[in-house]
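Under the working numbering, the first residue of the sequence shown is numbered 25, with each subsequent residue one higher. Worksheet for the structure shown next.
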Amino acid sequence: MKTCLIIGGGIVGLSTAYFLHRQGHQVTLVDQSDMTGGASFVNAGYLTPSHIVPLAAPGMVAKGLRMMFNPASPFYLKPRADKDLLLWMWQFYKSANARHVRKSMKIIADINVLSKSLYTEMKQEKVFEFHLEEKGVLNVFKTEKIGTSEIRVAEWVKAEGLEVEILSQAQLKALEPHYDFDALGAVFYKCDAHTTPTIFMKNMMSYLETVGVAIHRNEQVTDFDISNNKIAKVHTTFKSFQADEVILATGSWSPVLMKKLGLHLSLQAGKGYAINVYKATNIQYPAILMEAKVAVTPMQGFTRFGGTMELGGVNHHISNIRVNAIAEAAKKYYPGLEISKFDLEHAKCGLRPVSPDGLPYIGRIAALQNVTLATGHAMMGWSLGPATGKLISEMISGEKLSMDIRPFTPDRRF
Ligand SMILES: Cc1cc2nc3c(=O)[nH]c(=O)nc-3n(C[C@H](O)[C@H](O)[C@H](O)COP(=O)(O)OP(=O)(O)OC[C@H]3O[C@@H](n4cnc5c(N)ncnc54)[C@H](O)[C@@H]3O)c2cc1C
25 MKTCLIIGGG IVGLSTAYFL HRQGHQVTLV DQSDMTGGAS FVNAGYLTPS
75 HIVPLAAPGM VAKGLRMMFN PASPFYLKPR ADKDLLLWMW QFYKSANARH
125 VRKSMKIIAD INVLSKSLYT EMKQEKVFEF HLEEKGVLNV FKTEKIGTSE
175 IRVAEWVKAE GLEVEILSQA QLKALEPHYD FDALGAVFYK CDAHTTPTIF
225 MKNMMSYLET VGVAIHRNEQ VTDFDISNNK IAKVHTTFKS FQADEVILAT
275 GSWSPVLMKK LGLHLSLQAG KGYAINVYKA TNIQYPAILM EAKVAVTPMQ
325 GFTRFGGTME LGGVNHHISN IRVNAIAEAA KKYYPGLEIS KFDLEHAKCG
375 LRPVSPDGLP YIGRIAALQN VTLATGHAMM GWSLGPATGK LISEMISGEK
425 LSMDIRPFTP DRRF
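What follows is the structure, given as structure tokens:
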């Protein structure tokens with residue numbers, strides 16, 4: 025049995041606490057917030073084995089450059105003279121090639137499939153209540169151009185053994201009978217699933233506290249004492265902790281803490297927005313509206329519309345232009361859809377921790393013996409939280425790992 029201190033209580037930190045506790049370790053978790061908001065609460069709730077193509081892929085740089093000058097576009101990079109951002113952009117550019125995509129697809133598929141099976145296991149074991157529907161996700165397209173490229177990706181996903189179907193316009197309309205869906209067709213990723221993140225997070229936290237995981241909210245980790253290549257003490261705004269193992273699950277804030285350890289981590293915050301519509305929309309299926317890059321999820325009690333990847337540093341400023349753009353784009357696919365002023369005014373945002381090569385950072389860091397990193401999951405953090413937690417608990421317990429995590433090493437070079 026080891027004492028483990030997890031810094032960060034998003035989906036990655038909570039999942040790590042869950043699996044470490046199950047392995048019999050004594051777990052403490054510290055979070056600087058009250059743990060009611062942020063990326064792990066406002067995400068689209070998709071579990072996406074289908075997302076096998078890393079963000080750093082051919083064409084992404086050109087696409088990004090084209091979009092970044094439009095204030096309502098789904099991608100925005102705030103121009104600023106920031107050394108870390110420039111290095112990250114260079115590393116992203118170097119990673120965005122066909123060889124990297126080919127090399128990454130299988131490992132991304134493997135960790136996704138593992139993670140989805142862990143969600144299903146938790147649901148079946150009824151450890152705590154949460155919403156999980158395994159009815160797939162539609163990737164809806166309006167144009168031939170996007171349709172062709174989506175169908176090509178669908179073939180790759182199929183080759184990984186995952187269940188995919190191509191839907192005609194009529195088949196798509198049959199799935200959403202309440203709308204005269206304005207689209208050409210869709211790729212139906214039957215292998216995907218969806219959840220309601222707020223319910224999962226709240227109930228997982230209660231469960232962990234019931235079984236003895238100590239959760240400290242509103243307590244920020246501010247510094248570390250290092251001795252003999254190990255973290256000897258973790259200082260917070262209130263006190264100090266000592267632990268055999270320290271796990272950094274600090275999402276977009278991870279570079280700040282790594283800097284305090286004398287290390288550099290290449291990671292940028294990618295802001296995304298969520299609009300919750302509580303009035304019944306009658307939308308039946310989760311859908312990604314491909315041209316607009318908007319995610320639509322019928323959650324428990326409301327429908328969520330989410331989108332935007334805004335690389336503008338760590339802040340929670342809400343851009344009304346982008347929020348409105350998400351709503352307007354959704355209405356173009358679902359004619360007659362109503363999103364009220366109230367819904368728009370209550371939009372929320374969260375920061376995705378984005379690594380430059382589209383792979384997460386999972387594993388020990390070479391420079392310090394008792395430090396493990398668990399971050400950088402970008403658009404897949406919700407999907408990959410449980411697998412990340414399980415892999416870390418296996419590693420810390422000295423067990424055989426469920427999969428090879430070497431491609432995720434935080435010490436990798438770009
Ligand atoms: C709009 C949107 C839609 C998305 N949709 C999906 C989706 O459908 N599927 C999917 O798989 N992913 C999705 N994502 C991505 C996913 O939400 C993130 O990758 C994931 O939530 C990241 O989890 P995390 O635990 O790493 O980070 P976070 O949830 O950000 O948690 C990190 C925690 O660390 C704490 N922390 C930081 N620094 C300190 C410190 N010094 N001391 C103490 N605590 C600290 C923070 O307070 C925070 O609570 C989406 C994201 C957004 C924004």
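Note that the Cβ used here is the ideal one computed from N, Cα and C, for glycine as well.
Rounded straight-line distance, which links the Cα of residue j to that of residue i
i, j, result
"residue 314", "residue 324", "24 Å"
"residue 187", "residue 258", "45 Å"
"residue 197", "residue 164", "11 Å"
"residue 122", "residue 180", "13 Å"
"residue 150", "residue 156", "12 Å"
"residue 276", "residue 26", "27 Å"
"residue 104", "residue 338", "13 Å"
"residue 161", "residue 250", "46 Å"
"residue 335", "residue 203", "34 Å"
"residue 305", "residue 70", "19 Å"
"residue 2", "residue 224", "One cannot answer for residue 2 here, as it falls past the ends of the chain, which runs 25 to 438."
Cutoff 7 Å; reference residue i; Cβ partners in own chain excluding five residues on either side
i, result
"residue 92", "99, 100 and 101"
"residue 211", "163, 174, 175, 178, 188 and 190"
"residue 394", "254, 255, 268, 269 and 270"
"residue 390", "435"
"residue 68", "319, 321, 328 and 330"
Identity of the residue in the options nearest residue i by Cα
i, options, result
"residue 240", "26, 377, 31 and 218", "31"
"residue 397", "424, 347 and 429", "429"
"residue 4", "71, 380 and 422", "An answer regarding residue 4 cannot be provided, because it is not within the stretch 25 to 438 covered by the chain."
"residue 369", "346, 387 and 358", "346"
"residue 131", "144, 148, 78 and 118", "78"
"residue 85", "115, 70, 344 and 73", "115"
"residue 81", "48, 69, 34 and 119", "119"
"residue 439", "43, 353, 336 and 249", "Because the chain in this structure spans residues 25 to 438, residue 439 falls outside the shown range and cannot be described."
"residue 366", "348, 353, 359 and 358", "348"
"residue 34", "244, 55, 26 and 50", "55"
"residue 140", "89, 148 and 410", "410"
"residue 262", "252, 272, 245 and 137", "245"
"residue 142", "426, 284 and 185", "426"
"residue 407", "39, 62, 72 and 41", "72"
"residue 74", "358, 136 and 229", "136"
"residue 295", "111, 109, 332 and 248", "332"
"residue 233", "41, 438 and 432", "41"
"residue 61", "403, 392 and 375", "375"
"residue 433", "363, 266, 421 and 412", "412"
"residue 39", "264, 343, 340 and 230", "230"
"residue 108", "133, 280 and 184", "280"
Distance cut-off 7 Å: residue i Cβ against heavy atoms of ligand 1
i, result
"residue 67", "yes"
"residue 341", "no"
"residue 56", "yes"
"residue 203", "no"
"residue 141", "no"
"residue 376", "yes"
"residue 36", "yes"
"residue 396", "no"
"residue 80", "no"
"residue 52", "no"
"residue 314", "no"
"residue 144", "no"
"residue 404", "yes"
"residue 112", "no"
Same chain, Cβ closer than 8 Å to residue i, neighbours up to 5 away in sequence not counted
i, result
"residue 227", "152, 153 and 154"
"residue 167", "208 and 315"
"residue 238", "51, 52 and 53"
"residue 260", "54, 240, 243, 244, 245 and 246"
Contacts around residue i, its chain only, beta-carbon distance under 6 Å, and the 5 residues preceding and following it disregarded
i, result
"residue 372", "66 and 298"
"residue 205", "196 and 197"
"residue 400", "291, 377, 379, 384 and 385"
"residue 355", "361"
"residue 97", "91"
"residue 417", "43, 44 and 47"
"residue 322", "307"
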